[in-house]
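The next block holds one structure in the form of C-alpha cells; read it before the comments.
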Amino acid sequence: CGWALALHGGAGTILKETMTPDREAGYRAGLEAALAAGREVLSAGGSAEDAVVATVMVLEDNPLFNAGRGSVLTSAGTVEMDAAIMRGRDRAAGTVAGIHGVRNPICLARRVMERSDHVMFCGAGAQVFALEQGFEELPASYFETEHRRNQLREAQEKNEISLDHNDHKYG
Amino acid sequence: TVGCVARDRNGDLAAATSTGGMTNKRPGRVGDSPVIGAGTYASNDGAAISATGHGEAFIRETVARDIAALVQYAGLDLTEAVRRKVMVDLPRIGGDGGVIAIAPAGAPVLMFNTRGMYRASACEGGDAKLGIYAD
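Chains as they are written, first to last, in our numbering: chain G, 1 to 171; chain F, 172 to 306.
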C-alpha cells in the first residue's frame, strides 16, 4: 500500500456556476501546493505527522481557505482559530481553541502534543503557552481579508452563521 | 476549515485539522475541529479522520471516533464506515459537511454531503486526485 495522503479545504455550497475561472484556478493551485508539501514528506520517508503538518501549514498560509491567514470572522469581527493533531500509533494528541495571532495554529497544536502534559489549551491559556513556546504574535491585519469582511457583513445582514464556502459573489 | 490525513511507509497514521470556525459565529464558540473524536482522530487500529462542516453536529455524532471504531471493532470497510456517518447519521440531525479518512491499508476516502468540498489525495505510485464540486 505504501504511503497515502488526503486533504480538504472546507465544504459548503460550492457551485460551478458561481465560480469564476480565476478563483477556481486559485483554489486548484492551493490544493496542489498543499498536496505537494505532504507528498514531498512522505515520498522522502517522512512520518505521517510531519506530512499532515506540512500540508496544513500550506493551507493555513493561503487566504482562500478558512484557517490561519484568511480565517472567517466572528460576530465581533475578530479572528478565533482552532487546530488539532493526532498521532495514530500512540494516540498522542494536541489541540488549541480560540487563539489569535499565531500564524500556523497547527504548529501550536503539535507543540501542545509534544511539549505539554495536556491535550488542549484554549483562549488566554493557549496564548500564554504560545508565547512560552516562542511563537510570534502577528497583528490581526495579517489574518483578515476583504473577502472575509464581506462575508461577515452579508451574514450579519441575513442574521445567519455560515460554513466556509457559499455561493455568494462579492465584488 | 482545512485538514489532512496521512499514512507513512511505516504504516503509521496521523490527522490534522485547522479552522477559523464559522462566519459570524459568537466569540468563544468552539466547533468540532479541535475536539478529539469529533472532527479529528487517529488510531493505527482504525483510521485517521479530519472533518469539515457544521461542527456542532460532528460533536454530537462523535463522527471521527465513530468512523475509527466502526473500522476497528465492527470490521467495516473504511468507505462504508465513512458513508454511514456522513451520508446517514449526520443528515439525520441536519449536519452538513464532509470527511477525509485513511486506514492502515488502502486508498483514502473523501466523502461529503454538501454541494462541494475542496479536496485532494495521492497514494504512493499513483496519480494525484483533486476535486471541488460534488459531481
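Ideal placement from N, C-alpha and C gives every residue a C-beta, glycine not left out.
It should be emphasised that the depicted structure is a prediction, and the values quoted were computed from it without experimental measurement.
Residue of the options minimising C-alpha distance to residue i
i	options	result
G:Phe143	G:Gln133, G:Glu114, G:His100	G:His100
G:Gly214	F:Glu232, F:Val242, F:Arg286, F:Ser189	Because chain G is modelled from 1 through 171, residue 214 of chain G falls outside the range shown and cannot be assessed.
F:Val173	F:Ser204, F:Asn195, F:Ala185	F:Ser204
F:Arg200	G:Met81, G:Gly125, G:Val119, G:Ala36	G:Met81
F:Ile273	G:Ala84, G:Gly88, G:Ala37	G:Gly88
G:Gly2	G:Leu108, G:Ala83, G:Arg39, G:Leu131	G:Arg39
F:Gly208	G:Leu73, G:Gly94, G:Gly70	G:Gly94
G:Ala11	F:Arg286, F:Asp306, F:Leu301	F:Arg286
G:Gly70	F:Ile303, F:Leu249, F:Arg263, F:Gly191	F:Gly191
G:Gly30	F:Ala305, F:Tyr289, F:Tyr304	F:Tyr289
G:Thr78	F:Val176, F:Ala185, F:Cys175, F:Met193	F:Met193
G:Val53	G:Cys122, G:Ala109, G:Ser116, G:Leu73	G:Ala109
F:Gly246	F:Ala218, F:Val234, F:Ile264, F:Thr233	F:Ala218
G:Cys107	G:Ala6, G:Ile161, G:Ala124, G:Thr55	G:Thr55
F:Leu249	F:Ile303, F:Val206, F:Arg263, F:Pro279	F:Pro279
G:Ala155	G:Gly68, G:Ser75, G:Gly46	G:Ser75
F:Asn181	G:Gly46, G:Ala140, G:Leu5	G:Gly46
G:Ser116	G:Glu132, G:Pro105, G:Ala124	G:Glu132
G:Ala83	F:Pro262, F:Tyr212, F:Ala228, F:Gly302	F:Tyr212
G:Gly123	G:Glu114, G:Pro105, G:Met113	G:Pro105
F:Arg231	F:Arg263, F:Ala252, F:Ala305	F:Arg263
F:Pro198	G:Val72, G:Val58, G:Leu59	G:Val72
G:Arg28	G:Leu7, G:Leu42, G:Val41	G:Leu7
G:Leu138	G:Gly68, G:His118, G:Ala36	G:Gly68
G:Leu42	F:Asn284, F:Val206, F:Val253, F:Ala177	F:Ala177
G:Glu114	G:Gly125, G:Ala92, G:Ala126, G:Ala36	G:Ala92
Buried or exposed by the 16-neighbour rule on C-beta atoms within 10 Å, applied to residue i
i	result
F:Met258	exposed
G:Asp22	exposed
G:Asp90	exposed
F:Asp183	buried
G:Ile14	buried
G:Thr20	exposed
G:Arg111	buried
G:Ala48	buried
F:Asn215	buried
G:Gly98	buried
G:Ala140	exposed
G:Val128	exposed
F:Ile303	buried
Alpha-carbon to alpha-carbon, residue j and residue i
i	j	result
G:Thr18	F:Cys294	31 Å
G:Arg153	G:His165	15 Å
G:Glu157	G:Arg149	12 Å
F:Thr187	G:Arg103	It is worth fixing the name first, because residue 187 of chain F is Ala in this sequence and not Thr. Rounded to whole angstroms, F:Ala187 to G:Arg103 spans 16 Å at the Cα level.
F:Val242	F:Ala276	12 Å
G:Gly26	G:Glu32	10 Å
F:Asp179	F:Ile220	15 Å
F:Gly297	G:Ala44	16 Å
F:Ala291	F:Ala299	7 Å
G:Pro63	G:Glu146	10 Å
G:Met120	G:Phe65	23 Å
G:Ala34	G:Asp61	10 Å
G:Glu160	F:Lys196	9 Å
G:Gly171	G:Glu24	Its pLDDT being 34, under 50, G:Gly171 is placed unreliably by the model, and nothing is read from it.
F:Gly210	F:Thr233	8 Å
G:Ala4	G:Gly134	32 Å
G:Val96	G:Ser162	22 Å
G:Asp50	F:Ala228	29 Å
F:Asp306	G:Val58	26 Å
F:Ala185	F:Leu261	23 Å
F:Met282	F:Ala252	11 Å
Bridge-paired residues (DSSP) for residue i
i	result
G:Ala83	G:Val96, F:Ser189
F:Tyr304	F:Gly287
F:Lys178	Correcting the residue identity first, residue 178 of chain F is Arg in this sequence and not Lys. G:Ala4, F:Leu184, per the DSSP bridge assignment.
F:Val270	F:Ala222, F:Met282
F:Tyr212	F:Ile220
G:Phe121	G:Val96
G:His165	G:Gly12
F:Val173	F:Ser189
F:Thr194	G:Ser162
F:Ser292	G:Ala6, F:Lys300
F:Ile207	F:Thr211
Contact test: residue i Cβ vs the ligand GDP heavy atom, cutoff 7 Å
i	result
F:Ser189	Absent from the structure shown: the ligand GDP. Ligands present: none.
Below-8 Å beta-carbon distance, residue i vs any chain C residue
i	result
G:His100	This model lacks chain C altogether; the protein chains it does include are G and F.
Inter-stretch contact at 8 Å, needing at least 3 Cβ pairs: the region 267–274 of chain F / the region 211–226 of chain F = Touching, yes.
Please determine if the region 248–264 of chain F and the region 225–240 of chain F are in contact, where contact requires at least 3 C-beta pairs separated by less than 8 Å.
-> Judged by Cβ distances under 8 Å, the region 248–264 of chain F makes contact with the region 225–240 of chain F, as three or more pairs qualify.
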